[in-house]
Amino acid sequence: MAALALLIFASTITPGPNNLVLLHRGATRGFLAGLPACLGIAFGGSVMLAIALAVLGAGALPRAAMPWLGSAGAAMLLAMALALWATRPGDAPLHASPAGFWTMAAFQLANPKAWAFLASLAALHAAGGAVSAAATVAVFAGASLLCSAIWLGGGRLMSRLLATPRRSRLFNRAMAVAMAAMAAHLLLRTWNP
Numbered sequence: 019m020a021a022l023a024l025l026i027f028a029s030t031i032t033p034g035p036n037n038l039v040l041l042h043r044g045a046t047r048g049f050l051a052g053l054p055a056c057l058g059i060a061f062g063g064s065v066m067l068a069i070a071l072a073v074l075g076a077g078a079l080p081r082a083a084m085p086w087l088g089s090a091g092a093a094m095l096l097a098m099a100l101a102l103w104a105t106r107p108g109d110a111p112l113h114a115s116p117a118g119f120w121t122m123a124a125f126q127l128a129n130p131k132a133w134a135f136l137a138s139l140a141a142l143h144a145a146g147g148a149v150s151a152a153a154t155v156a157v158f159a160g161a162s163l164l165c166s167a168i169w170l171g172g173g174r175l176m177s178r179l180l181a182t183p184r185r186s187r188l189f190n191r192a193m194a195v196a197m198a199a200m201a202a203h204l205l206l207r208t209w210n211p
């Protein structure tokens, strides 16, 4: 169980699109306002893991689905990047960062990297995991929430640095560029493996 928790923690704490969205949400809206996004990430990932455990446990995600999942994930990232880029200081951060529960849960379903990782977890489980499927999903949900909260809290700590309109605009644009770069990387990796 401890090895499983460490594996999940190590894979979900690393920088990625989810964590950038949480960093931005924490910096612009605060920790409590970002909790629905954290819960959406954990929920979406847990649903995916349950599907992977039930259906894909003995094999990998079909290769033909990866480019389409990658394209959907890249489109969501680009939409968020464009919204962030267009945000002016003083705009409501909610409109600039549409990262609520359902948006982040849906984003998990369009994330081929997440599917690949969770299918690998399911395959490990099918190969003789000592932990039940329900416990695996529970450990994933807990580790995902912890990692999400760390990124959200980091964003909250950054909020003091964004006190001026100029800094806020620069931060939004830097986050937009990072999200657009991740979308491009996602498209390249999924269409040219």
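Position in the sequence shown (first residue = 1) + 18 = the numbering used here.
No residue lacks a Cβ here, since even glycine has one placed at the ideal position from N, Cα and C.
Everything numeric in this text was worked out from a predicted model, so none of it was measured.
Problem set entry | Sufficient close CB pairs (3 or more, under 8 Å) joining the segment 194-202 to the segment 92-108 | yes
Exercise. Is the CB-CB distance between ILE26 and PHE158 below 8 Å?
Worked result: Working through the sequence shown from its first residue, we reach residue 26 at position 8. Working through the sequence shown from its first residue, we reach residue 158 at position 140. In this structure, PHE158 lies closer than 8 Å to ILE26 by Cβ.
Exercise. Between which two residues does the alpha helix (DSSP H) carrying SER162 extend?
Worked result: Your numbering for residue 162 matches position 144 in the sequence shown. Element bounds for SER162: 151-176.
Exercise. Terminal residues of the continuous alpha helix (DSSP H) containing MET13?
Worked result: This structure leaves residue 13 out entirely; the chain is present only between 19 and 211.
For this session: Flag this pair as yes or no: are the beta carbons of ARG43 and GLY34 separated by less than 8 Å?
Result: Along the sequence shown, one-based indexing puts residue 43 at 25. Along the sequence shown, one-based indexing puts residue 34 at 16. Not a contact, by the Cβ cut-off of 8 Å.
Problem set entry | Cβ pair count under 8 Å reaching 3, the segment 161-171 against the segment 56-66 | yes
Exercise. Looking at C-alpha atoms only, which residue of SER162, ALA99, LEU22 and ALA134 is the closest neighbour of ALA196?
Worked result: Here residue 196 corresponds to residue number 178 of the sequence shown, with the count starting at 1. Closest by alpha carbon: ALA99.
Exercise. Could you give the residue range of the alpha helix (DSSP H) that holds THR46?
Worked result: Working through the sequence shown from its first residue, we reach residue 46 at position 28. Looking at the DSSP string, the run of the alpha helix (DSSP H) that includes THR46 is 35-47.
Exercise. From SER29, LEU24, VAL39 and VAL155, pick the residue whose C-alpha is nearest to that of ARG191; which is it?
Worked result: The residue you call residue 191 lines up with position 173 of the sequence shown. Among SER29, LEU24, VAL39 and VAL155, the Cα nearest to that of ARG191 belongs to VAL39.
Problem set entry | Residue span of the alpha helix (DSSP H) that contains ASN190, given as start and end | Within the sequence shown, the letter at position 172 stands for residue 190. Residues 183-209.
Problem set entry | Residue nearest to GLY63 in terms of C-alpha spacing, selected from ARG185, ALA97 and LEU136 | Along the sequence shown, read from residue 1 onward, the residue named residue 63 stands at position 45. Checking every option, the nearest Cα to that of GLY63 belongs to LEU136.
Exercise. Cα separation between THR154 and THR182?
Worked result: Here the question's residue 154 lines up with position 136 in the sequence shown. Here the question's residue 182 lines up with position 164 in the sequence shown. Taking the straight line from one Cα to the other gives about 44 Å.
Problem set entry | Proximity below 8 Å, CB of ARG185 to CB of LEU179 | By one-based count along the sequence shown, residue 185 stands at place 167. By one-based count along the sequence shown, residue 179 stands at place 161. Contact: yes.
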